[in-house]
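Numbering (the working numbering), first residue to last: 236 to 510. Even glycine gets a Cβ: it sits at the ideal position worked out from N, Cα and C. Below is one structure, written out as structure tokens; the observations come after it.
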């Protein structure tokens, strides 16, 4: 992608994301995530002249937000409206602008089956524009996914408690329950799954060439077969059940958004549930 084209896209995303964060999400983000970092700063006996509250709490005003962004091969897919990667970029930008309005720091880790790039948390619009530019023009070394590695990195790199958003399609064949539980004990983890409608439901369009974006494996399937379409849907449901169970066992909020859906509604619902 040429520099001028990237800058145009960055500007377009900035206008949309800033508009959403200041108009639609104003206050929602704050009440959903502020206070999760309440520090129990002092406990002592009541003394004459004290405030009636014996326990003194202190809210850590500055929250650190970490965006854990999946850049594996499967994100370069989309059949309706937009690619999964484009939606992930827009969601990440909206969260980032919501965070800086609350004077929070934003950090990013791009992951595949390794940590592809780490951008330490900082404040400010310039920093966010740099992050968006990287998201638009980033070329990962690997096409595969390893959520476990990303979570282990999050646990080790962030010393202070932070709010972490994991943005992925979660096409990972490995179990990541234990590292997720450990990460969510130390931090406040939120999972945002972005998927394409065809991952859930195959259309009846006859012979279709299918390529696994992460392994390169290619095959032709006959989508006119009802049995095949039903098997595909069953496989999707089973995967989603495993994902939901993993999140439930870890006490992590999961939001699943299809690329043909409105992510604004999904984020608003998440913010309201957490308020």
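Original post:
Helix, strand or coil: how does DSSP classify residue 403 here?
Top reply: strand
**OP:** Would you kindly report the start and end of the unbroken alpha helix (DSSP H) that includes residue 254?
**Re:** Where residue 254 is concerned, the enclosing alpha helix (DSSP H) starts and stops at 238 to 254.
Original post:
Considering residue 494, what are the terminal residues of the alpha helix (DSSP H) in which it resides?
Top reply: Boundaries for residue 494: no alpha helix (DSSP H) harbours it, and the DSSP string shows neither H nor E there.
**OP:** State the start and end residues of the unbroken alpha helix (DSSP H) segment that holds residue 481.
**Re:** 461 to 485
Original post:
What is the C-beta distance between residue 402 and residue 318, in whole angstroms, given that I count them as a contact (C-beta under 8 Å)?
Top reply: That belief does not hold up - the Cβ atoms of residue 402 and residue 318 are roughly 13 Å apart, past 8 Å.
Original post:
How is residue 324 classed by DSSP in three states: helix, strand or coil?
Top reply: helix
**OP:** Pick helix, strand or coil for residue 268, following the three-state DSSP scheme.
**Re:** helix
**OP:** Find the nearest neighbour of residue 423 within the set 249, 267, 245 and 240, judged by alpha-carbon distance.
**Re:** 267
**OP:** Check whether the Cβ atoms of residue 489 and residue 474 lie closer than 9 Å to each other.
**Re:** no
**OP:** Report yes if the CB atom of residue 399 is closer than 9 Å to the CB atom of residue 482, and no otherwise.
**Re:** Pairing residue 399 with residue 482 gives a Cβ-Cβ distance that is not under 9 Å.
Subject >> Unbroken beta strand (DSSP E) run spanning residue 351, endpoints >> reply: 350 to 357
Subject >> Where residue 240 falls, given that 16 or more other Cβ within 10 Å makes a residue buried >> reply: exposed
**OP:** Along the beta strand (DSSP E) that carries residue 302, what are the first and last residues, could you check?
**Re:** 299 to 305
**OP:** Quick one: using the 10 Å Cβ neighbour count with 16 as the cut-off for buried, is residue 250 buried or exposed?
**Re:** exposed
**OP:** Can you tell me which of the three DSSP states residue 376 falls into?
**Re:** coil
Subject >> Cutoff 8 Å; reference residue 369; Cβ partners in own chain excluding five residues on either side >> reply: 343, 345, 352 and 354
Original post:
Roughly how many angstroms lie between the CA atoms of residue 491 and residue 325, to the nearest whole one?
Top reply: 15 Å
Original post:
How far does the alpha helix (DSSP H) with residue 387 in it reach, from first residue to last?
Top reply: Per DSSP, residue 387 belongs to the alpha helix (DSSP H) from 382 to 392.
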